[in-house]
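K.L.:
In full-length UniProt numbering, the protein residues as written are 1 to 478. Right, I'll just put the structure down here and ask away after.
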Amino acid sequence: MREREDPDRLGLERGMPPFVLREVLAADPLSAFIPVEHGGRGTSIEEGGAVLEAMAYESLGLGLILGISGLLFLQPFTKYGQEAVKAKVYEGFLRDRKLGGLMLTEPGHGSDALNMQTRWTLEDGVHELRGTKHWAGLTGWADYWLLSARRVYEDGSLSRDVDLFMCDLDEPGQRVIVEERYNNLGLHMIPYGRNRIEASIPAAQRLTPRTTGVKLLLDHLNRSRMQMVAMAMGFLRRMLDEATAHCRAREVGGQSLLGYDQVQARLVEMQSAVTVCTAMSVHMAEHAGLEFNLAARGVEANAMKSWATDAMHESAQSLLQLCGAMGYRFDHIAGRSVVDSRPWSIAEGSNDILYDQIGNAFVRQMRIAKQRKLGAVMAGEALTARASERLGTLLDVEVDAPLAQREQVQLGRVVSRVIAMEMTLELGARGYAADLIEASVGCLTREIAGLLADYVRASPGQQVDLERASAPWREFLG
Numbered sequence: 001m002r003e004r005e006d007p008d009r010l011g012l013e014r015g016m017p018p019f020v021l022r023e024v025l026a027a028d029p030l031s032a033f034i035p036v037e038h039g040g041r042g043t044s045i046e047e048g049g050a051v052l053e054a055m056a057y058e059s060l061g062l063g064l065i066l067g068i069s070g071l072l073f074l075q076p077f078t079k080y081g082q083e084a085v086k087a088k089v090y091e092g093f094l095r096d097r098k099l100g101g102l103m104l105t106e107p108g109h110g111s112d113a114l115n116m117q118t119r120w121t122l123e124d125g126v127h128e129l130r131g132t133k134h135w136a137g138l139t140g141w142a143d144y145w146l147l148s149a150r151r152v153y154e155d156g157s158l159s160r161d162v163d164l165f166m167c168d169l170d171e172p173g174q175r176v177i178v179e180e181r182y183n184n185l186g187l188h189m190i191p192y193g194r195n196r197i198e199a200s201i202p203a204a205q206r207l208t209p210r211t212t213g214v215k216l217l218l219d220h221l222n223r224s225r226m227q228m229v230a231m232a233m234g235f236l237r238r239m240l241d242e243a244t245a246h247c248r249a250r251e252v253g254g255q256s257l258l259g260y261d262q263v264q265a266r267l268v269e270m271q272s273a274v275t276v277c278t279a280m281s282v283h284m285a286e287h288a289g290l291e292f293n294l295a296a297r298g299v300e301a302n303a304m305k306s307w308a309t310d311a312m313h314e315s316a317q318s319l320l321q322l323c324g325a326m327g328y329r330f331d332h333i334a335g336r337s338v339v340d341s342r343p344w345s346i347a348e349g350s351n352d353i354l355y356d357q358i359g360n361a362f363v364r365q366m367r368i369a370k371q372r373k374l375g376a377v378m379a380g381e382a383l384t385a386r387a388s389e390r391l392g393t394l395l396d397v398e399v400d401a402p403l404a405q406r407e408q409v410q411l412g413r414v415v416s417r418v419i420a421m422e423m424t425l426e427l428g429a430r431g432y433a434a435d436l437i438e439a440s441v442g443c444l445t446r447e448i449a450g451l452l453a454d455y456v457r458a459s460p461g462q463q464v465d466l467e468r469a470s471a472p473w474r475e476f477l478g
């Protein structure tokens, strides 16, 4: 990474020098996502995660490029694609260094993806896709795309199910036209934009679900969300290393920054984030394999994704705070990391929505158990049992359904941190450094206590009056 180009300068301009991507792909990092029988290294979640972690440590943008091709294209294609077209596609990745991506969201349907309007009809054995997609990473770069669409019935209505199709832009009639390139705020090396779909897709390129297309999509998205912790792992380690090096070298008031208690507090939080993400990475490697159906494991996947991406932004903010004014530049790792880490809490499901889904799932579980005490329900769940015992009376909180959405979101935040603690305690039981485990559990306990305090104090009926103008402050001068 550092022999011919400074990774820290790659993100300053949009795109990247062609030789950089060429030489990165020449090392065959995407072979970790391709089956051995097709010339790859296999589909081990452990090895794929290690590749993403290593790349994200050097460059979050380059890590995401591999993540888009590996997680969003190759994994679902490997699991659900038809054998007739696999050999050619894998050869394109391994021999021709091609890239792949996923087109799901639309200008009018982002979080509301299941109501997408991209549609398909079957004409003479060929699927005709028409529609518009946007915010697909690698717009204009990827050679292969997974396109989501809904079938059109004779009366003009759209199916409630969703289908995925593999589109090969080198084949005639399979067209994705870039209509606009977006000026994305961060992650400058990755192109985004709006695309018009005019593709004629052969039947062999339609992905085959085990049951329904929606469950295929849930299995795919939950697996991808779980594996986002691999890229978070590399990024969090980089933030901690940069912060440690800066604090050792920087002197303020005649002493090293390391001598200040508040600096130590930030470093402890950053170190704890690395420890928790380590625990999540172990869990990911053991539970996110292609052999598992993850369609029903939304709470687990959402908790991992939302915690990890929140931690990324918080660690970047801490690095910027420690670096001070010198970090408030886009050509400094601290300033750039704040901007580059921000969209991760929006991509693949806004964290607010994911927290709402987590909270809703736990409210349903409490209703089934006919139990109002949060801790009592958590004590009986595999994802939270050990952490619930550790937290004790802190979870002795009554949940009175139905909840206002803001309460449900806050509950989801609490649950995600308890799940994070569960995975951390499991890591400790396997022999990880006890002092780091205890520090991380302490950080999570303090965060959970604060979140629960806010949950208890919530005012569910309070609404903002958008029509009421605020009085000018000068009217209240004495």
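Glycine residues also receive a C-beta, built at the ideal position from the N, C-alpha and C atoms.
Taking one C-beta from the region 165 to 182 and one from the region 224 to 232 each time, how about it: are there three or more such pairs within less than 8 Å?
P.N.:
No: fewer than three Cβ pairs fall under 8 Å.
K.L.:
State the beta-bridge partners of Glu180 as determined by DSSP.
P.N.:
Arg194
K.L.:
Near Gly40, which residues of its chain fall below 6 Å by C-beta distance, leaving aside the five closest residues on each side in sequence?
P.N.:
Taking Gly40 as the centre and dropping the five residues before and after it, the same chain places the C-beta of Ser31, Ile34 closer than 6 Å to its C-beta, in chain order.
K.L.:
For His283 and Val414, I'd like the C-alpha separation in whole angstroms.
P.N.:
19 Å
K.L.:
I need the DSSP call for Lys370, collapsed to helix, strand or coil.
P.N.:
If DSSP states are grouped into helix, strand and coil, Lys370 belongs with coil.
K.L.:
Could you tell me whether the region 356 to 367 touches the region 278 to 293, using the rule of 3 or more Cβ pairs below 8 Å?
P.N.:
Fewer than three pairs of CB atoms, one per stretch, sit closer than 8 Å, so the region 356 to 367 makes no contact with the region 278 to 293.
K.L.:
What residue range is occupied by the uninterrupted alpha helix (DSSP H) comprising Tyr57?
P.N.:
45 to 58
K.L.:
Taking 7 Å as the line, does the beta carbon of Asp155 fall inside it for any heavy atom of the ligand NAD?
P.N.:
Although the ligand NAD was asked about, the structure shown includes no ligands whatsoever.
K.L.:
With a Cβ-Cβ cutoff of 8 Å, do residue 490 and Glu398 count as a contact?
P.N.:
Coverage of the chain is limited to positions 1 through 478, which leaves residue 490 absent and any answer about it impossible.
K.L.:
So, with DSSP's three-state summary, where would you put Glu13?
P.N.:
coil
K.L.:
Alpha carbon to alpha carbon, what distance is there between Phe73 and Lys98?
P.N.:
12 Å
K.L.:
For Lys305, list the residues DSSP reports as bridge partners.
P.N.:
Secondary-structure assignment with DSSP links Lys305 through no beta bridge to anything.
K.L.:
Is Thr208 buried or exposed, if buried means 16 or more other CB atoms sit within 10 Å of its CB?
P.N.:
exposed
K.L.:
Under 8 Å, do Ala230 and Glu53 count as touching if we go by C-beta distance?
P.N.:
yes
K.L.:
Would you mind sorting Met326 into buried or exposed? The rule is 16 or more other CB atoms within 10 Å of its CB.
P.N.:
exposed
K.L.:
Give a yes or no on contact between the region 107 to 116 and the region 126 to 140, applying the rule of three or more CB pairs nearer than 8 Å.
P.N.:
yes
K.L.:
Please name the residue, chosen from Met103, Glu123, Asp124, that lies closest to Leu114 on a Cα-to-Cα basis.
P.N.:
Met103
K.L.:
Using only the alpha-carbon positions, how far apart do Ile419 and Leu62 sit?
P.N.:
29 Å
K.L.:
DSSP three-state label for Met103, please.
P.N.:
strand
K.L.:
So, with DSSP's three-state summary, where would you put His134?
P.N.:
strand
K.L.:
Near Ser159, what residues of its chain come up, given a Cβ to Cβ distance below 6 Å and the 5 sequence neighbours on each side ignored?
P.N.:
Result list for Ser159: Arg150, Arg151, in chain order.
K.L.:
For His127, which option in Ser200, Glu269, Ala311 has the closest C-alpha, if you only look at C-alpha atoms?
P.N.:
Minimum Cα distance to His127 is reached at Ser200.
K.L.:
Ser440: which of Ala387, Trp473, Val464 sits nearest, CA to CA?
P.N.:
Comparing Cα positions, the closest option is Ala387.
K.L.:
Can you list, in chain order, the residues of its chain with a C-beta nearer than 8 Å to that of Arg379? Leave out the 5 residues immediately preceding and following it.
P.N.:
Just to set this straight, residue 379 is Ala in the shown sequence, not Arg. Cβ neighbours of Ala379 beyond the five flanking positions: Ala385, Ser388, Glu389.
K.L.:
Mapping the DSSP letters down to three states, classify His332 as helix, strand or coil.
P.N.:
coil
K.L.:
Between the Cα of Leu66 and the Cα atoms of Arg474, Ala361, Glu407, Trp141, which residue gives the shortest distance?
P.N.:
Trp141
K.L.:
Exposed or buried, which one is Trp213 when buried takes at least 16 other CB atoms within 10 Å?
P.N.:
It should be noted that the sequence gives Gly, not Trp, for residue 213. A buried status is given to Gly213, since no fewer than 16 other beta-carbon atoms sit within 10 Å of its beta-carbon.
K.L.:
Ile197 and Leu122 - do their beta-carbons sit closer together than 8 Å?
P.N.:
no
K.L.:
In chain order, what residues of the same chain have a beta carbon less than 7 Å from the beta carbon of Met239, not counting five sequence neighbours either side?
P.N.:
Met270, Ser315, Ala316, Leu319, Ser337
K.L.:
What do you get for Trp344, buried or exposed, if any count of 16 or more other CB atoms within 10 angstroms of its CB means buried?
P.N.:
buried
K.L.:
Report yes if the CB atom of Leu21 is closer than 8 Å to the CB atom of His188, and no otherwise.
P.N.:
no
K.L.:
Report buried or exposed for Asp465, applying the criterion of at least 16 other Cβ atoms within 10 angstroms of its Cβ.
P.N.:
exposed
K.L.:
Expressed to the nearest angstrom, what Euclidean distance is found between the alpha-carbon atoms of Leu169 and Arg206?
P.N.:
15 Å
K.L.:
Thinking Leu427 and Thr278 are a contact (beta carbons under 8 Å), I'd like their distance in whole angstroms, please.
P.N.:
6 Å
K.L.:
Hey, quick one: how far does the beta strand (DSSP E) through Ala295 stretch, first residue to last?
P.N.:
Note, Ala295: premise wrong, no beta strand (DSSP E); not H, not E.
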